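Chain order of the listed sequences is A and B.
Going left to right, the first sequence walks through residues 905 to 1036 as the working numbering numbers them.
Going left to right, the second sequence walks through residues 82 to 236 as the working numbering numbers them.
From the three backbone atoms N, C-alpha and C, an ideal C-beta is built for every residue, glycine too.
Owing to the predicted nature of the structure, the values given are computational and were not obtained by experimental measurement.
A short write-up of the structure that comes next.
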Amino acid sequence: MRKLGWATAIYAALALVVGTAFAGSKVSIIATIDTTNHLAYGAIGSVRNSADTLSSIACYVYTPAQGKATGLCGVGDAQGNFVMCSTTDAGIIATIESIANDSLISFVYDATSGDCVDVQINSNSQFEPKAL
Amino acid sequence: MRYVIVALAALGAGVLLGQFRGVAPTPPAALVTTAAPTSPPPSVFGLAPGAQIDLNAFKNEVRDIVQKEVRAALPPSAAPNKLLPPTADELQAHERGRELVTNSLSTHRWTRDQGLQLRLLMGRMNDQQRKDVLSALIPPINRQEIKLDSPGPLF
Chain A
905 MRKLGWATAI
915 YAALALVVGT
925 AFAGSKVSII
935 ATIDTTNHLA
945 YGAIGSVRNS
955 ADTLSSIACY
965 VYTPAQGKAT
975 GLCGVGDAQG
985 NFVMCSTTDA
995 GIIATIESIA
1005 NDSLISFVYD
1015 ATSGDCVDVQ
1025 INSNSQFEPK
1035 AL
Chain B
82 MRYVIVALAA
92 LGAGVLLGQF
102 RGVAPTPPAA
112 LVTTAAPTSP
122 PPSVFGLAPG
132 AQIDLNAFKN
142 EVRDIVQKEV
152 RAALPPSAAP
162 NKLLPPTADE
172 LQAHERGREL
182 VTNSLSTHRW
192 TRDQGLQLRL
202 LMGRMNDQQR
212 KDVLSALIPP
222 INRQEIKLDS
232 PGPLF
């Protein structure tokens, strides 16, 4: 009986620890396109975990053998809309290169040129990781 | 030092070009031989003896090589793309890239195959040409006038 009491206490303590590990503020930021403000954003994990099959978010950098590198970012939403921007600005490209696995990506694009006006990368404990 | 190397490279290319146009200076006497060759002269630039050379293509190739070497030797602050005209290869790649964009505007689609073609062309364009093609392609995508056929990179 005494052994059972200890086992119960250990399980209770474990449950408390596990429960604590999953606590904390969480947020899901799906792929979003604001055509009025030419703003697009989404958290990589949330977009990946979206129930639809259209949502996507990505940034990448193309570096030619000669000349400037070009950075590109794009967001596709659940409705099938897609927007993107490109840049050769070294500062913006450095920001793009800092993207982590589950970062939030946000950018403003110039409607006339397609240039990236700005790019924001945010790594945050509140963002969900990518599931399979 | 870099400029000296570039100048020598340009001079060498000029002399080479001049030889093909028949206006090169007479070589030093020590290098002249009057003996009849016992065998065909060695091929130049990989050409078989007696083969015809496309002079225009050769001139374009030499010009491209010299321009690329000059660009590589100039410091980034010299903005070489603004100093030198595009090479024939850059012009061709840019034209082909613009054609891809024009086609996608008429089909309202951007296929993976078009992306792969542009991927290869981009490496042959200069900075301004790359920007020009992307500026022609991205705004219609953002207006949803061109739909991407498949997920993944644009090019």
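Cα-Cα separation, residue 1036/A to residue 150/B: As a first step, residue 1036/A must be located in the first sequence, where it is residue number 132. As a first step, residue 150/B must be located in the second sequence, where it is residue number 69. Each residue's alpha carbon lies about 49 Å from the other.
Endpoints, the beta strand (DSSP E) within which residue 1025/A is located: Residue 1025/A sits at position 121 when you count from the first residue of the first sequence. Looking at the DSSP string, the run of the beta strand (DSSP E) that includes residue 1025/A is 1020–1026.
Whole-angstrom distance between residue 949/A and residue 964/A, CA atom to CA atom: For the purposes of this step, residue 964/A is taken as the residue at position 60 of the first sequence. For the purposes of this step, residue 949/A is taken as the residue at position 45 of the first sequence. Those two C-alpha atoms are separated by around 17 Å.
Assigned secondary structure, residue 224/B (DSSP; H/G/I helix, E/B strand, else coil): If you number the second sequence from 1, residue 224/B lands on position 143. It is coil, neither helix nor strand.
For residue 957/A, the three-state DSSP class (helix, strand or coil): Working through the first sequence from its first residue, we reach residue 957/A at position 53. Note: residue 957/A maps to coil in three-state DSSP.
Three-pair Cβ contact test at 8 Å for the stretch 222–229 of chain B versus the stretch 199–209 of chain B: no
Exposure of residue 233/B, with buried meaning 16 or more beta-carbon neighbours within 10 Å: Within the second sequence, the letter at position 152 stands for residue 233/B. It counts as exposed.
DSSP-derived helix/strand/coil call for residue 978/A: Counting from 1 along the first sequence, the entry for residue 978/A is found at position 74. If DSSP states are grouped into helix, strand and coil, residue 978/A belongs with the strands.
Proximity test, Cβ basis, 8 Å: residue 976/A and chain B: As a first step, residue 976/A must be located in the first sequence, where it is residue number 72. Chain B, which has a Cβ nearer than 8 Å to the Cβ of residue 976/A, makes this yes.
Close-in-space but distant-in-sequence residues of the same chain around residue 175/B (CB under 6 Å, 5 per side omitted): Here residue 175/B refers to the residue found at position 94 when the second sequence is read from its first residue. Taken in chain order, the residues that qualify are 206, 210.
Environment of residue 1033/A [buried if 16+ CB atoms lie within 10 Å]: Within the first sequence, the letter at position 129 stands for residue 1033/A. That one is exposed.
CB contact check: residue 230/B to chain A, cutoff 8 Å: Translated into positions along the second sequence, residue 230/B becomes position 149. So, not an interface residue.
Stretch pair the stretch 938–958 of chain A + the stretch 1022–1033 of chain A: three plus CB contacts closer than 8 Å: Yes: the two stretches touch, three or more of their Cβ pairs being nearer than 8 Å.
Nonlocal neighbours in the same chain, by C-beta distance under 7 Å from residue 200/B, ignoring five residues either side: Sequence index remark: in the second sequence, residue 200/B carries index 119 (1-based). Taking C-beta separations shorter than 7 Å and ignoring five residues to either side along the sequence, the partners of residue 200/B in its chain run 236, following chain order.
Proximal residues, the stretch 984–1000 of chain A versus chain B, C-beta separation under 9 Å: Within the stretch 984–1000 of chain A, the qualifying residues are 984, 985, 986, 987, 988, 989, 990, 992.
C-beta neighbour in chain A for residue 196/B, strict 8 Å: Indexing the second sequence from 1 puts residue 196/B at position 115. So, not an interface residue.
Distance CB(residue 1017/A)-CB(residue 221/B) smaller than 8 Å: Locating residue 1017/A in the first sequence gives position 113, counting from the first residue. Locating residue 221/B in the second sequence gives position 140, counting from the first residue. Going by C-beta atoms, residue 1017/A is not nearer than 8 Å to residue 221/B.
Cβ-based contacts, 7 Å cut-off: residues of the stretch 998–1028 of chain A near chain B: 1013, 1015, 1016, 1017, 1018
Residues from the stretch 930–963 of chain A in contact with chain B, defined by Cβ distance under 7 Å: 960
Beta carbon proximity, residue 234/B to chain A, threshold 8 Å: Locating residue 234/B in the second sequence gives position 153, counting from the first residue. Output row for residue 234/B: interface = yes.
Contacts around residue 992/A, its chain only, beta-carbon distance under 8 Å, and the 5 residues preceding and following it disregarded: Stepping through the first sequence from its first residue, residue 992/A is reached at position 88. Around residue 992/A: 972, 973, 974, 975.
Proximity winner among 147/B, 181/B, 190/B, 185/B, relative to residue 167/B (alpha-carbon distances): To locate residue 167/B, count along the second sequence from 1; it is residue 86. That would be 147/B, whose Cα lies nearest to the Cα of residue 167/B.
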